[in-house]
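Quick note: the sequence shown, position 73, residue 78 per this note's numbering, numbers continuous. A short worksheet on the structure shown next.
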Amino acid sequence: MNQLLEQEYLNKINESKENAKKHYDSGAYDKASEEYLNCSKYCEILVKKTGDETKKKEYYDAFEKFVDTSVKLKKMKAVGVREAKKERERPEAEAGTGFEQYIKENLMQRNKETLPLWEDIGGLEETKNTIKESIVLAYARKPDRVEIDGWRNILLFGPPGTGKTLLAAATAEGLDAAFFNVKAGQVLSKYYGESPKIVNALFDVAREESPAVIFFDELDSVALSRSAEIDEATRRVLSSLLTELDGLSGGKKGEFVLFLASTNTPWDIDGAVISRFEKRIYVPLPDEDARKGILKIQLEKKGFEFAVYDWLVEKTDGYSGRDIKVLCKGGVYNMVRDLNPGVADLAEEGLEEIKKYEIKTRGLTKKDFEQALKSMKPTSTEDMVKKYEEWDARFGAL
């Protein structure tokens, strides 16, 4: 990069810094945060364009500082300059990093009462028992000089809608643990060097909140095989994730963090990543008993009477748990339309009129579901199921 272009970006950084200071002094912290974010963007460009390793490190360090400052200012309330300065001057250990704050506010489930119970999951008894054993082995007393470790990282794979997320959430609820529900997009950042910090902060917060359950949905989105084209940010996330997984079993005494990941396409994941998971559990489509259990959860637990479960269990062969949930909703809607023929017209009469109306209901019938079955087909095919079974036979580890 030539010196003129480099100086141009340095000038932009200084200009944004001056603007940030003015906004900060006037109490406009959001605007100050935006200016510091601009500084980080210019630093990111300089990191990528410069060939001087010394300058590259210097620009990267500056990039990190600008990002941290921007995140902290974003959180600050307009409570006056004096109070804001006190907030900014607090020791780092007390204030916490911006990334840790992001994890706590966006990825950690705070209201545990909304998490499902084990009994809310129909079937999957063997899978549930494997996860429960990990919890018991982590906390139960062992004989002197005997070490028995529970599983700390588990990969759940299978067709979409089979209950992988529910399993993770029920694990957290059963353990009264902090629950972190993570999707790849929430840890991938367009800013250079930020993604690994988010991953590290995720595990730091989980250890701090121990016991904790981290659920990483759609692992394949960051762990594709090496032959696939993956951008650098994704590679850095994966590298940080694998490092953290390697360190899970060596946690402090009394510290428990369980990492659960899910994928609908395990064959796309790099072999080195697959080998990191101590347990690889196939979560299949529900069998007859499981389908009956799911139907009762979706109907009986929601206050609906239904007398022909065996018939509907047979009709839903090949359906996932999510498919059955949607089907039940369709059956209920058909019943509602039958007893409330003009209910859609209420939408034109305003919210107050809608609130006055009481929906009429009755027990559900085969006819309600016959109509629903015509429009709701299973999302998994026989060929898909066969592919999962073949992968399980080769790589599964229950």
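C-beta atoms are modelled at their ideal positions from N, C-alpha and C, and glycine is treated no differently. Everything numeric in this text was worked out from a predicted model, so none of it was measured.
C-alpha distance - phenylalanine 309 paired with phenylalanine 374, whole-angstrom precision | Indexing the sequence shown from 1 puts residue 309 at position 304. Indexing the sequence shown from 1 puts residue 374 at position 369. Roughly 13 angstroms between the two C-alpha positions.
Could you name the residues that DSSP lists as bridge partners for serine 267?
-> Numbered from 1 along the sequence shown, position 262 holds the residue referred to as residue 267. Its beta-bridge partners are Leu161.
Report yes if the C-beta distance between leucine 10 and arginine 157 is below 7 angstroms; otherwise report no.
-> Position 5 of the sequence shown, counting from 1, holds the residue named residue 10. Position 152 of the sequence shown, counting from 1, holds the residue named residue 157. No, they are not a contact pair.
Starting from valine 187 and walking both ways along the beta strand (DSSP E), at which residues does that stretch end?
-> The sequence position of residue 187 within the sequence shown is 182, counting from 1. It spans 183 to 188 - the beta strand (DSSP E) in which valine 187 sits, taken as one unbroken run.
Inter-residue spacing [alpha-carbon to alpha-carbon] between glutamate 207 and valine 52 | Start at 1 with the first residue of the sequence shown, and residue 207 comes out as number 202. Start at 1 with the first residue of the sequence shown, and residue 52 comes out as number 47. Reading off the sequence, residue 207 comes out as leucine, not glutamate. Going from the Cα of leucine 207 to the Cα of valine 52 covers about 26 angstroms.
Is it right to say serine 267 is buried, meaning 16 or more other beta carbons lie within 10 angstroms of its own, or is it exposed?
-> What you label residue 267 is simply residue 262 of the sequence shown in a count that begins at 1. Burial call: buried.
Residue environment, valine 187, which counts as buried when at least 16 other CB atoms sit within 10 Å | In the sequence shown, residue 187 corresponds to position 182, counting from 1. Burial call: buried.
Give a yes or no on contact between the segment 324 to 338 and the segment 270 to 287, applying the rule of three or more CB pairs nearer than 8 angstroms.
-> The way I'd put it, the segment 324 to 338 doesn't touch the segment 270 to 287; fewer than three beta-carbon pairs between them come closer than 8 angstroms.
Between the CA atoms of glutamate 353 and alanine 183 - distance to the nearest angstrom | Position 178 of the sequence shown, counted from the start, is the residue given in the question as residue 183. Position 348 of the sequence shown, counted from the start, is the residue given in the question as residue 353. CA-to-CA, the gap between alanine 183 and glutamate 353 works out to about 43 angstroms.
Where does isoleucine 136 fall in DSSP's three states?
-> As a working note, residue 136 is residue 131 in the sequence shown. Under the three-state reduction of DSSP output, isoleucine 136 falls in the helix class.
Please look up how many angstroms separate the CB atoms of valine 390 and proline 164, rounded, as I've assumed it's under 8 angstroms.
-> Here residue 390 is taken as the residue at index 385 of the sequence shown, counted from 1. Here residue 164 is taken as the residue at index 159 of the sequence shown, counted from 1. Contact between valine 390 and proline 164 holds: their C-beta atoms lie close to 7 angstroms from each other, under 8 angstroms.
Can you give the Cα-Cα distance for asparagine 16 and lysine 22, rounded to whole angstroms?
-> Along the sequence shown, one-based indexing puts residue 16 at 11. Along the sequence shown, one-based indexing puts residue 22 at 17. CA-CA distance, asparagine 16 to lysine 22, rounds to 10 angstroms.
With DSSP as the reference, label aspartate 322 as helix, strand or coil.
-> Against the sequence shown, residue 322 aligns to sequence position 317. Reduced to three states, the DSSP call for aspartate 322 is coil.
Classify leucine 172 as buried or exposed, calling it buried when 16 or more other Cβ atoms lie within 10 Å of its own Cβ.
-> Position 167 of the sequence shown, counting from 1, holds the residue named residue 172. Burial of leucine 172 is indicated by the presence of at least 16 other C-beta atoms within 10 angstroms of its C-beta.
Local conformation of isoleucine 274 per DSSP, three classes = Here residue 274 refers to the residue found at position 269 when the sequence shown is read from its first residue. DSSP places isoleucine 274 in strand when its eight states are reduced to three.
Rank Glu293, Glu305 and Ser139 by C-alpha distance to the C-alpha of glycine 326 and give the top, closest one.
-> Position 321 of the sequence shown holds residue 326. Scanning Glu293, Glu305 and Ser139 for the CA closest to the CA of glycine 326 turns up Glu293.
Note down, in chain order, each residue of its chain lying with its Cβ closer than 6 angstroms to the Cβ of arginine 296, except the 5 sequence neighbours on either side.
-> In the sequence shown, the residue the question calls residue 296 occupies position 291. Cβ within range, chain order: Val318 and Thr321.
First and last residue of the alpha helix (DSSP H) that includes alanine 456?
-> One cannot answer for residue 456 here, as it falls past the ends of the chain, which runs 6 to 403.
Check aspartate 66 in the structure and name its three-state DSSP category.
-> Against the sequence shown, residue 66 aligns to sequence position 61. Three-state result, aspartate 66: helix.
Terminal residues of the alpha helix (DSSP H) in which isoleucine 364 lies = Against the sequence shown, residue 364 aligns to sequence position 359. In this chain, isoleucine 364 is not harboured by any alpha helix (DSSP H), its DSSP state being neither H nor E.
Label glycine 127 either buried or exposed according to how many other C-beta atoms from any shown protein chain fall within 10 Å of its C-beta, with 16 as the threshold for buried.
-> For the purposes of this step, residue 127 is taken as the residue at position 122 of the sequence shown. Counting Cβ neighbours within 10 Å, glycine 127 comes out buried, since at least 16 surround it.
Quick one: give me the first and last residue of the alpha helix (DSSP H) that aspartate 373 is part of.
-> Counting from one through the sequence shown, the residue named residue 373 turns up at place 368. Taken as a continuous stretch (DSSP letters only), the alpha helix (DSSP H) holding aspartate 373 covers 371 to 380.
Spell out a yes or no on whether the segment 31 to 43 and the segment 55 to 67 are touching, meaning 3 or more CB-CB pairs, one atom from each, closer than 8 angstroms.
-> Put simply, the segment 31 to 43 does not touch the segment 55 to 67. Fewer than three CB pairs are less than 8 angstroms apart.
Can the beta-carbon of asparagine 345 be found less than 7 angstroms from the beta-carbon of lysine 372?
-> Here residue 345 refers to the residue found at position 340 of the sequence shown. Here residue 372 refers to the residue found at position 367 of the sequence shown. Asparagine 345 places its beta carbon 7 angstroms or farther from that of lysine 372.
Proline 96, DSSP secondary structure in three states = Within the sequence shown, numbered from 1, the residue matching residue 96 stands at position 91. Here the model assigns proline 96 a pLDDT of 38, short of 50, so the residue's position is not dependable, and the following value carries that caveat. If DSSP states are grouped into helix, strand and coil, proline 96 belongs with coil.
Between which two residues does the beta strand (DSSP E) harbouring aspartate 222 extend?
-> As a position in the sequence shown, residue 222 is number 217, starting the count at 1. Start and end: 217 to 222.
If I'm right that arginine 281 touches phenylalanine 162 with Cβ under 8 angstroms, what's the distance once you round it to whole angstroms?
-> Your numbering for residue 281 matches position 276 in the sequence shown. Your numbering for residue 162 matches position 157 in the sequence shown. Actually they do not touch by this definition, with Cβ atoms about 14 angstroms apart.
Who are isoleucine 286's beta bridge partners in DSSP?
-> Counting from one through the sequence shown, the residue named residue 286 turns up at place 281. By DSSP's assignment, isoleucine 286 forms a beta bridge with Leu161.
Option nearest alanine 174 by Cα separation, candidates Gln191, Ser380, Ile219 and Ala189 | On the sequence shown, position 169 is the one that residue 174 refers to. Ranking the options by Cα distance to alanine 174, first place goes to Ile219.
Please name the residue, chosen from Leu351, Gln376 and Phe68, that lies closest to tyrosine 405 on a Cα-to-Cα basis.
-> Beyond the ends of the chain as shown, which are 6 and 403, falls residue 405; an answer cannot be given.
How many Å lie between lysine 61 and tryptophan 396 at the Cα?
-> Position 56 of the sequence shown, counted from the first residue, corresponds to residue 61. Position 391 of the sequence shown, counted from the first residue, corresponds to residue 396. So the two alpha carbons sit approximately 44 angstroms from each other.
If you follow the alpha helix (DSSP H) that tryptophan 396 is part of, which residue opens it and which one closes it?
-> Counted from its first residue, the sequence shown places residue 396 at position 391. For tryptophan 396, the enclosing alpha helix (DSSP H) has its first and last residue at 387 to 400.
Cα-Cα separation, alanine 377 to asparagine 339 | On the sequence shown, position 372 is the one that residue 377 refers to. On the sequence shown, position 334 is the one that residue 339 refers to. Just so you know, the alpha carbons of alanine 377 and asparagine 339 end up roughly 8 angstroms apart.
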